[in-house]
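Counted from 1, the sequence shown has number 187 at position 165 by this note's numbering; the numbering is strictly sequential.
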Amino acid sequence: MPSLIHALMRKPMSGEAIEAASFAAIDAEVGPHGLAKSEWAVARRLIHTTADFSLLKDLRFKNDAVEAGIQALRAGAPIYADATMIRSGLSLARLQAVNPAYGPDRLHAHVGEADVAEEAIRTGLPRSLFALRKARPVLEGGIVAIGNAPVALLELNRLIAEEGLRPALVVAMPVGFVHVVESKAELLGLDVPAIALEGRRGGSPLAVAAIHALAVLAKEGA
Numbered sequence: 023m024p025s026l027i028h029a030l031m032r033k034p035m036s037g038e039a040i041e042a043a044s045f046a047a048i049d050a051e052v053g054p055h056g057l058a059k060s061e062w063a064v065a066r067r068l069i070h071t072t073a074d075f076s077l078l079k080d081l082r083f084k085n086d087a088v089e090a091g092i093q094a095l096r097a098g099a100p101i102y103a104d105a106t107m108i109r110s111g112l113s114l115a116r117l118q119a120v121n122p123a124y125g126p127d128r129l130h131a132h133v134g135e136a137d138v139a140e141e142a143i144r145t146g147l148p149r150s151l152f153a154l155r156k157a158r159p160v161l162e163g164g165i166v167a168i169g170n171a172p173v174a175l176l177e178l179n180r181l182i183a184e185e186g187l188r189p190a191l192v193v194a195m196p197v198g199f200v201h202v203v204e205s206k207a208e209l210l211g212l213d214v215p216a217i218a219l220e221g222r223r224g225g226s227p228l229a230v231a232a233i234h235a236l237a238v239l240a241k242e243g244a
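Next up, the structure:
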């Protein structure tokens, strides 16, 4: 039996064409969802990343989160990631299409750094807590992307509630079984722009996808 790749070779489709066809398939299949057009643009990219329509029931947008994210990207706001995977996954080309000032120096992730690891060993607490504390200078007015560590989100919530920190946007999609549900629920009770996926699901790819969706909207002038 011939390999299926031969059919693609006979009728080529670029990566961009495949993405467009995927989005069209999602639009055709999703049914009623009640999201604003810009919110749907974010949700659709999350579905594209996971092939999972069921996440729509858990996706939350709070305090004009999409518009807040667009404005932050246009202003070149720093982006803090709780996982190195998020920083590595973010496309500088997409970000620079919105604001040419974006470069590696505006993408921050401290979880793998030696001083953070040493503090975690000393205290018996997760590295993500100390990584977020180290990022404190860039969190005010920045975009915070949490795709892995609920403890980082808990500490961010504390800074917001107790110290008056005001990030431009929080993308809250930690994944797992301990502190995950509670950290998202606590964030959604605070007065900050947030895009959150309630429940246990999440992950770094979803946090990246949300920011990329915002970058596309910002570039298109949404």
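Just so you know, even glycine gets a beta-carbon here, dropped at the ideal spot from N, CA and C.
Query	Result
Could you tell me which of Leu210, Ala216, Gly53 and Leu187 sits nearest to Pro159, measuring between CA atoms?	Leu187
What beta strand (DSSP E) runs, 3 residues minimum, are completely inside the stretch 59 to 90?	81 to 84
Could you tell me whether the Cβ atoms of Ala235 and Val52 are closer together than 8 Å?	no
Check this for me: beta carbons of Ile92 and Ala167, under 8 Å apart or not?	no
For Lys206, is the classification buried or exposed, using 16 other Cβ atoms within 10 angstroms of its Cβ as the cut-off for buried?	buried
What residues match up with Leu114 in a beta bridge as DSSP calls it?	For Leu114, which the question treats as bridged, DSSP gives no partner whatsoever.
I'd like the span of the beta strand (DSSP E) that includes Leu15, first residue to last.	It is not possible to answer for residue 15, since the shown part of the chain is limited to 23 through 244.
Whole angstroms are fine: how far does the CA of Ser226 sit from the CA of Thr71?	11 Å
Mind checking which residues open and close the beta strand (DSSP E) that includes Leu147?	No beta strand (DSSP E) holds Leu147; DSSP gives it neither H nor E.
Is the beta carbon of Leu209 less than 8 Å from the beta carbon of Glu177?	no
Tell me, which residues are paired with Ile101 by DSSP?	Leu129 and Ile165
Considering only DSSP beta bridges, list what Ala216 is partnered with.	Lys84 and Val192
Would you kindly work out how many angstroms separate the C-alpha atoms of Ser113 and Leu129, rounded to a whole number?	11 Å
Between which two residues does the alpha helix (DSSP H) harbouring His201 extend?	Per DSSP, His201 belongs to no alpha helix (DSSP H) and is neither H nor E.
Who are the near neighbours of Val173 in its chain, counting only those whose CB is closer than 7 Å to its CB and skipping five residues on each side?	Pro148, Ser150, Leu151 and His201
Is it buried or exposed, Ala153, if we count other Cβ atoms within 10 angstroms and call 16 or more buried?	buried
How is the alpha helix (DSSP H) around His234 delimited, first residue to last?	Ser226 to Glu242
Which of the three DSSP states is assigned to Leu30 in this structure?	helix
Going by beta carbon distance, what residues of the same chain come within less than 6 Å of Ile108, once the five residues before and after it are set aside?	Ala167, Gly169, Ser226, Ala229 and Val230
Note the first and the last residue of the continuous alpha helix (DSSP H) segment covering Glu38.	Gly37 to Val52
From this set, Leu57, Ala87 and Ile69, which residue's C-alpha is nearest Ile48's C-alpha?	Ile69
So, helix, strand or coil for Leu187, using DSSP?	coil
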